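Notes follow the structure.
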Amino acid sequence: MANYKQIIYSKTPTAAIDPSLSSGTFSIKTKPIPSSHDVPPDSLLVRVHYLSLDPAMRQWLTAKRSYIAPVELGAVMRGQSIAQVIEVGSDLKAQYAVGDWVVAYSGWQEYALVTAKEAEKVVVPPGGQPTDAMSVLGMTGLTAYFGMLEVGQPKPGETVVVSGAAGATGMVAGQIAKIKGAKRVVGLAGSADKCEFLTKELGFDAAINYKDEDWKNQLKEATPEYIDVFFDNVGGEILDACLARAARDARFAICGAISQYNVAKPQGPASFMAVIVSAPCVSISCVGLLANANYFLRHYRLSV
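Read in order, the letters of the sequence shown are residues -5 to 298 in the working numbering.
Structure follows, in structure tokens:
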């Protein structure tokens, strides 16, 4: 009988996580691939082709207070995947067929048994591919869509700044801002190549490499009319710099803080005083953003 591999969460990491197997944070376990007789009536046996590796996963390991319970030690590492159906449980044969592509909450393993609630059939649009359901048409794209439109609410003539702009969520958020008529969209990214990608491929008006020594001056020059909308994926020093550049009635969509996930003592915002001393010239609404499947479904039902 053939075996398959699972990635097991084995050891609580230090602040600066080392995800390599040698660190002991994760380990590999092998198990026999389930047969058709092992598939419950309400489940699918799927073969995982692609895993989504997301910044939020770092928080799933050690966060004491979060929107989702931490991954338990000894469990398969939590994660979403693009998978293909190998076997169909008897109760699901009207909905699924062998060979169907699904987005599945399979965890980090090569094969998985998932219930109907843990899988969603992928409809591949013309010219598309199954992996689109885990990127621009999936959680990251929808997070950008709702975060920018419901929290950011960019208007024609406004200036929008996106941190982590070359990432899966940031690149979509910036393009949505352009579509909605933003006068100026500025992205922050971590390399010259990423900045070139933002301006030449995605249509950002300016891009700043935050690893440059003078990146704060570049941000000031790129936002002469200050910042109306800030879509933040990074937090830390970048959030501070953008707080100091906030326009009146600015909207800050706080989507992530990846710069703080691997530090023992996360850095809190230090620029709120700039907002206080500028009042009533400046007022900011900062809204934390958590977009999940229930949120998308509720919004869709209300919309139609």
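Every residue, glycine too, gets a C-beta built ideally from N, C-alpha and C. Computed from a predicted structure; not experimentally measured.
At which residues does the beta strand (DSSP E) containing residue i begin and terminate?
i      : result
Gln78  : Ser75 to Val82
Ile22  : Phe20 to Pro26
Gln0   : Asn(-3) to Tyr3
Asp222 : Ile221 to Asp226
Arg245 : Ala240 to Ile248
Thr163 : Run containing Thr163: none; DSSP gives neither H nor E here.
Ala201 : Ala200 to Asn203
With a 10 Å radius around its C-beta and 16 neighbouring C-beta atoms as the bar for buried, classify residue i as buried or exposed.
i      : result
Val298 : The predicted position of Val298 is uncertain, since its pLDDT is 34 and thus under 50; a value taken from the coordinates is nonetheless stated next. Exposed, since its Cβ has fewer than 16 Cβ neighbours within 10 Å.
Ile62  : exposed
Gln74  : buried
Leu291 : Bear in mind that the predicted position of Leu291 carries a pLDDT of just 49, short of 50, making it too unreliable to give a figure here.
Ala9   : exposed
Arg295 : At Arg295, the pLDDT of 46 sits below 50, so the modelled position is not reliable and the matter cannot be decided from this model.
Thr19  : buried
Have a look at the DSSP bridge pairing and note the partners of residue i.
i      : result
Glu114 : Val97
Tyr326 : Only positions -5 to 298 of the chain appear in the structure, and residue 326 is not among them; the question remains open.
Gly132 : Paired residue(s): none; Gly132 is not in a bridge.
Val178 : At residue 178 the sequence reads Arg, which differs from the Val that was named. Paired residue(s): Thr153.
Val70  : Ile2
So residue i and residue j are in contact, right, with Cβ under 8 Å, and what is the actual spacing, rounded?
i      : j      : result
Ala241 : Glu219 : 7 Å
With the cut-off set at 7 Å, would you say residue i and residue j are in Cβ contact?
i      : j      : result
Tyr90  : Val79  : yes
Val157 : Asn203 : The residue you asked about is not Val; residue 157 is Ser in the sequence shown. Cβ distance not < 7 Å, so Ser157 and Asn203 don't count as in contact.
Gly181 : Ala159 : yes
Gly83  : Ser37  : yes
Gln103 : Gln0   : yes
Gly168 : Val179 : yes
What residue range is occupied by the uninterrupted alpha helix (DSSP H) comprising residue i?
i      : result
Leu86  : Counting along the chain, Leu86 falls outside any alpha helix (DSSP H), and DSSP gives it neither H nor E.
Gly230 : Gly230 to Leu237
Asp36  : Unbroken run through Asp36: none, as it is neither H nor E.
Leu196 : It is not in any alpha helix (DSSP H) - Leu196 carries neither H nor E in the DSSP assignment.
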